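**Q** I am attaching a structure below and will ask some questions about it afterwards.
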Amino acid sequence: MKRKNDDISTADRLELYRLQVEIRDCEKRAYDLFLQNLVKGTSHLSLGQEGIAAGVAMAMQPGDLSFCTYRGHAHTLARGVSMEKVLGELMQRDNGLMRGKGGSMHLTSVEHGVMGSYAIIGAHLPIACGAAWRAQYLGQKDVSVCFFGDGTTNIGAFHEALNFAVIWKLPVIFVCENNLYMEYTPISDVTAVPNPAGDRAAAYGLERIVIDGNDADVVYRTMQAAFARARAGEGPSLVECLTYRHSGHSRADPAKYRPKGELEEWLKRDPVKIYRARLAEFGIAEADIAEIEQESKRKVEVATAACKAAPIAPVEILTTDVYADGGWAWRN
Amino acid sequence: MDVLMPQLGETVAEGKILTWFKQIGDDVSEGDNIFEVETDKVTIEVQAITAGKLTEIRVAAGAVVNVGTVVAVIGGAAAASAVSPVPAPVTVLSAPAKAAPVPPSAIPTPRPSGLLDPFNEVRTASGQYGGQREANGLRMTPLARRLIKQSGIDLSRVVREANARGADRIRERDVRAAIQALPVIPTASEPARLVPTSVDDAVPINTIRQRTGQRLAESWRTAPHVFQAIDVNFGAVDAVRARHKDRFKAQHGTSLTYLPFIARAVCIAIHDFPQVNARFDGDRLLVSRDINLGIAVDLSHNGLVVPVVRRAGDLTLEGLAKAITRQIEKARTGTMTPDDLSGGTYTITNNGSFGTLFTAPIINVPQVAILSTDAIRKRPAVVETPQGDFIAVRPVGMVAQSFDHRAFDGAYSAAFLSRLKQTLESRDWESEFA
Amino acid sequence: MAELTYRDAVARGIAQEMERDERVVFLGEDVAKAGGVFKATVGLYEKFGPLRVRDTPISEQAILGAAMGAAMTGLRPIAEIMFADFAAVCFDYIANEFPKLRYMTNGQLGCPLVVRTGNGGGARFGAQHSQSIENWTMMIPGLKVVAPSTPLDVVGLMAAAVRDDNPVIFHEHKSLYAMKGEVPDGEIVDSLGTAKIVRPGKDATVLALAMMVPRAVQAAETLAAEHGIDCEVVDVRSLVPLDTQTILSSVVKTGRLFTVEENPRLCGWGAEIASIVADEVFWDLDGPIVRITTPHIPLPAADHLEDLAIPNAARIVERVLRVMNG
Numbered sequence: 003m004k005r006k007n008d009d010i011s012t013a014d015r016l017e018l019y020r021l022q023v024e025i026r027d028c029e030k031r032a033y034d035l036f037l038q039n040l041v042k043g044t045s046h047l048s049l050g051q052e053g054i055a056a057g058v059a060m061a062m063q064p065g066d067l068s069f070c071t072y073r074g075h076a077h078t079l080a081r082g083v084s085m086e087k088v089l090g091e092l093m094q095r096d097n098g099l100m101r102g103k104g105g106s107m108h109l110t111s112v113e114h115g116v117m118g119s120y121a122i123i124g125a126h127l128p129i130a131c132g133a134a135w136r137a138q139y140l141g142q143k144d145v146s147v148c149f150f151g152d153g154t155t156n157i158g159a160f161h162e163a164l165n166f167a168v169i170w171k172l173p174v175i176f177v178c179e180n181n182l183y184m185e186y187t188p189i190s191d192v193t194a195v196p197n198p199a200g201d202r203a204a205a206y207g208l209e210r211i212v213i214d215g216n217d218a219d220v221v222y223r224t225m226q227a228a229f230a231r232a233r234a235g236e237g238p239s240l241v242e243c244l245t246y247r248h249s250g251h252s253r254a255d256p257a258k259y260r261p262k263g264e265l266e267e268w269l270k271r272d273p274v275k276i277y278r279a280r281l282a283e284f285g286i287a288e289a290d291i292a293e294i295e296q297e298s299k300r301k302v303e304v305a306t307a308a309c310k311a312a313p314i315a316p317v318e319i320l321t322t323d324v325y326a327d328g329g330w331a332w333r334n
Numbered sequence: 347m348d349v350l351m352p353q354l355g356e357t358v359a360e361g362k363i364l365t366w367f368k369q370i371g372d373d374v375s376e377g378d379n380i381f382e383v384e385t386d387k388v389t390i391e392v393q394a395i396t397a398g399k400l401t402e403i404r405v406a407a408g409a410v411v412n413v414g415t416v417v418a419v420i421g422g423a424a425a426a427s428a429v430s431p432v433p434a435p436v437t438v439l440s441a442p443a444k445a446a447p448v449p450p451s452a453i454p455t456p457r458p459s460g461l462l463d464p465f466n467e468v469r470t471a472s473g474q475y476g477g478q479r480e481a482n483g484l485r486m487t488p489l490a491r492r493l494i495k496q497s498g499i500d501l502s503r504v505v506r507e508a509n510a511r512g513a514d515r516i517r518e519r520d521v522r523a524a525i526q527a528l529p530v531i532p533t534a535s536e537p538a539r540l541v542p543t544s545v546d547d548a549v550p551i552n553t554i555r556q557r558t559g560q561r562l563a564e565s566w567r568t569a570p571h572v573f574q575a576i577d578v579n580f581g582a583v584d585a586v587r588a589r590h591k592d593r594f595k596a597q598h599g600t601s602l603t604y605l606p607f608i609a610r611a612v613c614i615a616i617h618d619f620p621q622v623n624a625r626f627d628g629d630r631l632l633v634s635r636d637i638n639l640g641i642a643v644d645l646s647h648n649g650l651v652v653p654v655v656r657r658a659g660d661l662t663l664e665g666l667a668k669a670i671t672r673q674i675e676k677a678r679t680g681t682m683t684p685d686d687l688s689g690g691t692y693t694i695t696n697n698g699s700f701g702t703l704f705t706a707p708i709i710n711v712p713q714v715a716i717l718s719t720d721a722i723r724k725r726p727a728v729v730e731t732p733q734g735d736f737i738a739v740r741p742v743g744m745v746a747q748s749f750d751h752r753a754f755d756g757a758y759s760a761a762f763l764s765r766l767k768q769t770l771e772s773r774d775w776e777s778e779f780a
Numbered sequence: 532m533a534e535l536t537y538r539d540a541v542a543r544g545i546a547q548e549m550e551r552d553e554r555v556v557f558l559g560e561d562v563a564k565a566g567g568v569f570k571a572t573v574g575l576y577e578k579f580g581p582l583r584v585r586d587t588p589i590s591e592q593a594i595l596g597a598a599m600g601a602a603m604t605g606l607r608p609i610a611e612i613m614f615a616d617f618a619a620v621c622f623d624y625i626a627n628e629f630p631k632l633r634y635m636t637n638g639q640l641g642c643p644l645v646v647r648t649g650n651g652g653g654a655r656f657g658a659q660h661s662q663s664i665e666n667w668t669m670m671i672p673g674l675k676v677v678a679p680s681t682p683l684d685v686v687g688l689m690a691a692a693v694r695d696d697n698p699v700i701f702h703e704h705k706s707l708y709a710m711k712g713e714v715p716d717g718e719i720v721d722s723l724g725t726a727k728i729v730r731p732g733k734d735a736t737v738l739a740l741a742m743m744v745p746r747a748v749q750a751a752e753t754l755a756a757e758h759g760i761d762c763e764v765v766d767v768r769s770l771v772p773l774d775t776q777t778i779l780s781s782v783v784k785t786g787r788l789f790t791v792e793e794n795p796r797l798c799g800w801g802a803e804i805a806s807i808v809a810d811e812v813f814w815d816l817d818g819p820i821v822r823i824t825t826p827h828i829p830l831p832a833a834d835h836l837e838d839l840a841i842p843n844a845a846r847i848v849e850r851v852l853r854v855m856n857g
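Protein chains in written order, with the numbering used here: chain A, 3 to 334; chain B, 347 to 780; chain C, 532 to 857.
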């Protein structure tokens, strides 16, 4: 049954789908490249969490800033960074986003407002507050968005940042991707409250917001409201998005700690599948949907080829950019 | 009991008395305000902690004193002054309260940095100035070692200076004192510069030559040189040399010269006269059991160096030939290491190629002797046969030794030279190539 | 020219920079309305207002994190960590976040901020409020570290730190806050990475930092007057960048090196300098390099015990004498 267009336009829906599909395909490719030992080190994939990345990115305006964790490929892609630059960084090639100096956990593209991916749990929440403070101080209208997982809600910096953001009424949005596991442990085993972010909101005088993170439309709508509040000077929001990750915590983790059947249940609620059905529901042509899917696969192939052909970075960059003058001199 | 300027806040060091609420002679009850004080941080009333009469005011209103200073005394019934803990003046800072006055120009300008290499962030000092135990077990500081080597001063002089001070190690001041104690000779110190005339061309003397020159001058000054020469018939050597020189050249790429034969003969003669292979050390000779043979090498008239063939006494003739060639090559190509230049016990200077008859060389102190070999030329020689004496043409050259007369006498040196001659003339040199 | 206390110099330096550049903001605990627990930032709130001088909750991580976020996006923040010991509470930012940002992002992001903190002992605060932690900050690549010893240096180095585009840790010394010194009028800007020879000499080089500087000078005067040993006292001032040229030239001149360090013995700042000197100018050393430090213990609260632990002029004299004559 075809539904009439609601508050979300066809164009926006196509874009939301495109974002999710491209994230899915690029992350799958990263998974395979890791198995081929072309992606080195560690890699934290967002397979299954695409709805959040897409929904938030759609609600952002140019100039808005995002801060994410080491599980940041999805958010980096969602803000428009090319697959080549992301895969290049994972493959530690010279064409990577940071030429291999940062690695998978630190994807940054200031040009796209991706203000860093942070590997120390919780560190970037106060940093996002600082960026928001700057906007407030200078009278600028951008909003800072901060992504983190359920595990982060138990670390000190989370609490400091929330308190800080509320008392200074900062234009920052805290987005908790609750994928039910703090690394290898169920979050419920280690958290005093059932909804690790949502149930803490009241402690900071914030509204409890817990939503289905696998429905990009829900995420999009919720975030639009949060952005509006922030831009109006009404202060921060804390949004808990329920989701599930299809793979382990990192590439090294086969996730055998999950109870039988849990993954299968959640795969039924795969955000990409949900959204494909949503598009159909709103009468979007199968051809248009297929075109997005094919284009995504094509982009992945082009990016992969480019990265495989790219050289590694010249060794001279070993010591560049320690200090602002580009060098590393600690002495004269 | 003493009334002190109280500690009114962390990091506060002094206070100013604003007002006295009591006069001398007033009765004071416990808890009365007695004065008002102003510090960096706060203004506050100070109460009496004891009862009595205010007998002294030592600091007037308006004055500033350090925390802990006695500002007044309450006498009388409170002989409980003994009971009240009188804190020692709190000298929180042993720093002077004032920084030294500093002119505005005291803001230093940054020094520029050279290019930093990440794997050589710290530039290790270069230079090899000998080991720390070279002075007969007396240790030397790194600075002392460097100064000794660079000044060329005889280590024994320095040791003497250190011993005179009863020092257990040699330091800079011992080296400087030894240098100071050197007899002043105009050429040794910086003389007034000569004024070139219009027909003079100033030719700079390179560093190697300057350094060598200093050492030679020092040697000449300190060691009483005696020169002895002996003529040697190289016929036997020549015969063997002729038989083997082509094969030697083909095998080793260099010519088989007289030098290795002479060096081998020197080693044999040293065996019988070991004291020529020694270093002079004041009241004793350090006679070396190894023969570390220095071979003086002329660097294309640009100075002299003396690379050392270590343990030459253990080498065969061919081994000596190769080693000598190798050391000379290193000297000529400037690839010597500190080991190549140190530890010499006897030196040979070979002037044969210049055609001279004899040369009186300068001893390479602290060694005690040096051999010079000069041109070996066809000369008439007396050959003794059972049929009588005949004149024949033979290759003959002068072999001469300068020796330090403090180490031994002319008879000893002459005996060494005779042994050397005898070895060169009568040894079965062919057997060296077996 | 005026005579200023070290604490007033802090406020003066910050004010100078805040006047010059609107992007300079200042945050910390009790720094605004109360003027700081050490009264080092009195008057700034009144002068620059509540938007630029801000009181924070007791949230060291938030303080440094927010300073970093603001610095990354266009401001030039100064953040206070009240007692240097508390750096341990927010050490993630000092060790992992500020100094690595530029490198990991391949130059896309920088962190032009200043963390000023009350370092050092002598105030009887006990072990957790008296530490000298300059060595903790010296050892992390990507930071700059300074520790002024006079009011003049406070102003000049504060200006240099604020103007530097890198994260700078500014170690003020709590027990120097009451110290007075001459400070000229007008703008003062010093440079990071420069040491200062505060007492020239020829027999031995004595390096010192912050509160140890006046003690080293005092010891040098005693050594000269009573023992004929003429020490050159160098105020290191900047641990990173390190003015190795000044230090090395001094050691080449004197042949001897002593360091006077308030930090506890192991891995103190003097250990690194001793290593550099022994490496680069080995052949100019006429004796062993000796470090005079606080022992490797927590600091006690009792005044006589604390005074015993932290190097004082008498101990410096005794050690230099023993080593020079030994």
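Every residue gets a Cβ at the ideal spot worked out from N, C-alpha and C, and that includes glycine.
Please read these numbers as outputs of a predicted model, since none were measured by experiment.
Does any CB atom of chain B fall closer than 9 Å to the CB of W330 (chain A)?
**A** So, interface residue.
**Q** Compare the beta carbon distance of L763 (chain B) and Q574 (chain B) with 9 Å and say whether it is the shorter of the two.
**A** In this structure, Q574 (chain B) lies closer than 9 Å to L763 (chain B) by Cβ.
**Q** Just list the alpha helix (DSSP H) runs in the segment 636 to 690 of chain B, keeping only unbroken ones of 4 residues or longer that don't cross its boundaries, in chain order.
**A** Counting only runs of 4 or more, we get 663 to 679, 684 to 687.
**Q** Taking just the CA atoms, how far does K733 (chain C) sit from F700 (chain B)?
**A** Approximately 52 Å between the Cα atoms of the pair.
**Q** At the level of alpha carbons, what is the spacing between V432 (chain B) and D834 (chain C)?
**A** With a pLDDT of 36 at V432 (chain B), under the threshold of 50, the predicted position of this residue should be treated as unreliable, and no value is reported.
**Q** Which value, in whole angstroms, describes the spacing of the CA atoms of D546 (chain B) and L540 (chain B)?
**A** Approximately 11 Å, taken between the alpha carbons.
**Q** The alpha helix (DSSP H) that contains Q38 (chain A), what's its start and end?
**A** Q38 (chain A) -> no alpha helix (DSSP H), and no H or E assigned at all.
**Q** Going by beta carbon distance, what residues of the same chain come within less than 6 Å of A428 (chain B), once the five residues before and after it are set aside?
**A** Since pLDDT at A428 (chain B) reaches only 39, below the 50 mark, its modelled position is unreliable, and no value is offered.
**Q** Considering only their Cβ atoms, is the gap separating D255 (chain A) from Y634 (chain C) smaller than 9 Å?
**A** Not closer than 9 Å, so no.
**Q** In whole angstroms, what is the alpha-carbon distance linking T558 (chain B) and I737 (chain B)?
**A** Approximately 44 Å, taken between the alpha carbons.
**Q** Please classify L47 (chain A): is it buried, with 16 or more other beta-carbons within 10 angstroms of its beta-carbon, or exposed?
**A** It counts as buried.
**Q** Is the Cβ of L839 (chain C) closer than 9 Å to any Cβ of chain B?
**A** Chain B, which has no Cβ nearer than 9 Å to the Cβ of L839 (chain C), makes this no.
**Q** For V504 (chain B), report the span of its alpha helix (DSSP H) as first-last.
**A** V504 (chain B) -> alpha helix (DSSP H) spans 501 to 510.
**Q** With 9 Å set as the bound, which would you pick, yes or no: does the beta-carbon of Y325 (chain A) sit closer than that to a beta-carbon of chain C?
**A** At least one chain C Cβ lies under 9 Å of Y325 (chain A).
**Q** Can you confirm whether T683 (chain B), when its beta carbon is compared against all beta carbons of chain C, has any partner nearer than 9 Å?
**A** By this cut-off, T683 (chain B) is not an interface position.
**Q** Could you name the residues of chain B that L320 (chain A) contacts, counting a contact when the two beta carbons are closer than 7 Å?
**A** Simply P464.
**Q** Quick one: is A425 (chain B) near chain C, going by C-beta distance under 9 Å?
**A** With a pLDDT of only 42 at A425 (chain B), under 50, the local geometry of the prediction cannot be trusted, and the value read off the model is given with reservation. Not an interface residue.
**Q** Suppose contacts are defined by Cβ-Cβ distances below 9 Å. Is K675 (chain C) in contact with P772 (chain C) by that definition?
**A** For K675 (chain C) and P772 (chain C), yes; Cβs fall inside 9 Å.
**Q** DSSP three-state call for L489 (chain B): helix, strand or coil?
**A** DSSP places L489 (chain B) in helix when its eight states are reduced to three.
**Q** Do you know offhand how far F150 (chain A)'s Cα is from A832 (chain C)'s?
**A** F150 (chain A) and A832 (chain C): Cα-Cα distance of roughly 43 Å.
**Q** Counting only Cβ pairs nearer than 7 Å, list the residues of chain C close to V504 (chain B).
**A** None at all; the shortest Cβ gap to chain C is about 14 Å.
**Q** What is the DSSP secondary structure of Y206 (chain A), reduced to helix, strand or coil?
**A** Y206 (chain A) falls in the helix class under three-state DSSP.
**Q** Count the other CB atoms within 10 Å of the CB of E376 (chain B); is the residue buried (16 or more) or exposed (fewer)?
**A** Under this definition E376 (chain B) is an exposed residue.
**Q** Measure from the C-beta of E391 (chain B) to each C-beta in chain C and report whether the shortest distance is under 9 Å.
**A** No, E391 (chain B) does not count as interfacial toward chain C.
**Q** Assuming the contact rule is C-beta atoms closer than 8 Å, G53 (chain A) and G215 (chain A) should be a hit. Round their C-beta distance to whole Å, please.
**A** Yes, G53 (chain A) and G215 (chain A) are in contact; Cβ-Cβ is about 6 Å, under 8 Å.
**Q** Taking the C-alpha atoms as reference points, what is the distance between A441 (chain B) and P745 (chain C)?
**A** Unreliable placement is indicated for A441 (chain B), whose pLDDT of 34 sits below 50; the coordinate value is still reported in the next sentence. Distance between the alpha carbons of A441 (chain B) and P745 (chain C): 5 Å.
**Q** Given N623 (chain B), which residues of its chain have a CB within under 7 Å of its CB, disregarding the five upstream and five downstream residues?
**A** For N623 (chain B), where only same-chain residues beyond five positions count, the Cβ hits under 7 Å are I616, V633, S634, I637, T691, Y692.
**Q** In angstroms, rounded to a whole number, what distance separates the CA positions of V584 (chain C) and G712 (chain C)?
**A** C-alpha separation (whole angstroms): 26 Å.
**Q** Unbroken alpha helix (DSSP H) runs of length 4 or more, entirely within the segment 791 to 823 of chain C: which are they?
**A** You should have 800 to 811.
**Q** Assess, as a yes-or-no matter, whether the segment 739 to 756 of chain C is touched by the segment 808 to 822 of chain C under the definition of 3 or more beta carbon pairs within less than 8 Å.
**A** Verdict: no, contact absent.
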